[in-house]
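Shown next, in structure tokens, is the structure this report addresses.
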Amino acid sequence: MDIEYFNEIPDYESYVNLRLSVGWKIFCKEQMEKAISRSCYSIIAKIDDEIVGMARAVGDSMYYTIVDVIVNPKYQGQHIGSNIIQRLIHEIELNIPKGGRVLISLIAASGKEDFYVKQGFSIIPDEESGPGLRKIIYGE
Ligand SMILES: CC(C)(COP(=O)(O)OP(=O)(O)OC[C@H]1O[C@@H](n2cnc3c(N)ncnc32)[C@H](O)[C@@H]1OP(=O)(O)O)[C@@H](O)C(=O)NCCC(=O)NCCS
2 MDIEYFNEIP
12 DYESYVNLRL
22 SVGWKIFCKE
32 QMEKAISRSC
42 YSIIAKIDDE
52 IVGMARAVGD
62 SMYYTIVDVI
72 VNPKYQGQHI
82 GSNIIQRLIH
92 EIELNIPKGG
102 RVLISLIAAS
112 GKEDFYVKQG
122 FSIIPDEESG
132 PGLRKIIYGE
């Protein structure tokens with residue numbers, strides 16, 4: 002089974018299918034199309050032309066947030082997710098200007114923390130940082 006990786010955003014249908022494959026809720030179509038097209042970096046994994054995994058980074062060159070880290074359950078446990086994350090980080094790294102630095106953050110789904118620790122992330126809070134916070138707001 003050949004797994005190929007591409008620096009590409011997924012097409013809309015594949016994106017929706019990947020989200021649904023892991024039981025995630027979808028957003029409205031207008032938001033999802035806009036969101037994937039605005040990714041700063043995006044990696045997809047393909048097997049026989051099917052997109053089986055993805056992750057993307059949104060940000061502004063100093064700060065990035067990694068989102069939509071998904072491997073279709075049929076293909077989990079084969080190091081596809083870790084390859085995607087490493088490739089995403091590599092792309093970000095390639096574009097750091099000399100003397101610059103980048104801060105990459107993400108919110109781990111419950112129980113997935115150690116997957117990210119294995120990819121070199123550290124869990125917060127730590128001695129420098131407090132806990133992460135978030136707020137979800139809904140359109141009328
Ligand atoms: C999390 C996810 C992307 C991992 O992808 P994957 O391709 O199955 O993971 P990999 O095979 O690349 O795993 C890499 C390593 O992390 C470990 N790992 C994977 N999931 C783990 C978990 N939940 N907890 C601890 N370790 C985990 C693997 O055992 C492997 O360890 P090894 O390098 O020592 O062999 C995938 O399980 C997934 O899509 N889950 C559903 C969606 C989700 O929760 N995404 C994360 C949102 S924050």
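Okay, so the sequence shown: first residue is 2 according to this note's numbering, each after it adds one. We treat Cβ as the ideally placed atom computed from N, Cα and C, and that holds for glycine.
Beta-bridge pairing of Met55 - partner residues as DSSP gives them:
Ile45, Ile71
Same chain only: Cβ atoms within 8 Å of Pro74, ignoring 5 sequence neighbours per side
Ser22, Val23
Please state whether the Cβ-Cβ distance between Ile125 and Val118 is less than 8 Å.
no
DSSP state of Ile138 mapped onto helix, strand, coil
coil
Going by beta-carbon coordinates alone, are Arg57 and Ser40 separated by less than 8 Å?
yes
Inter-residue CB distance, Leu89 and Tyr42 (contact presumed, cutoff 8 Å):
Their Cβ separation, rounded to whole angstroms, is 6 Å, which keeps Leu89 and Tyr42 in contact under 8 Å.
If we call anything under 8 Å between Cβ atoms a contact, is Leu19 one with Met55?
Against a cut-off of 8 Å, the Cβ pair of Met55 and Leu19 comes out as a contact.
State yes or no: is the C-beta of Gly121 nearer than 7 Å to some heavy atom of ligand 1?
no
Using a threshold of 7 Å, is the CB atom of Glu7 nearer than that to any non-hydrogen atom of ligand 1?
Just to set this straight, residue 7 is Phe in the shown sequence, not Glu. Flag unset: Cβ of Phe7 not near ligand 1.
Cβ neighbour criterion (16 or more within 10 Å) applied to Pro11
buried
Going by DSSP, name the residue or residues bridged to Ile105.
Tyr65
Taking Cβ to Cβ, would you say Ile105 is nearer than 8 Å to Ile138?
no
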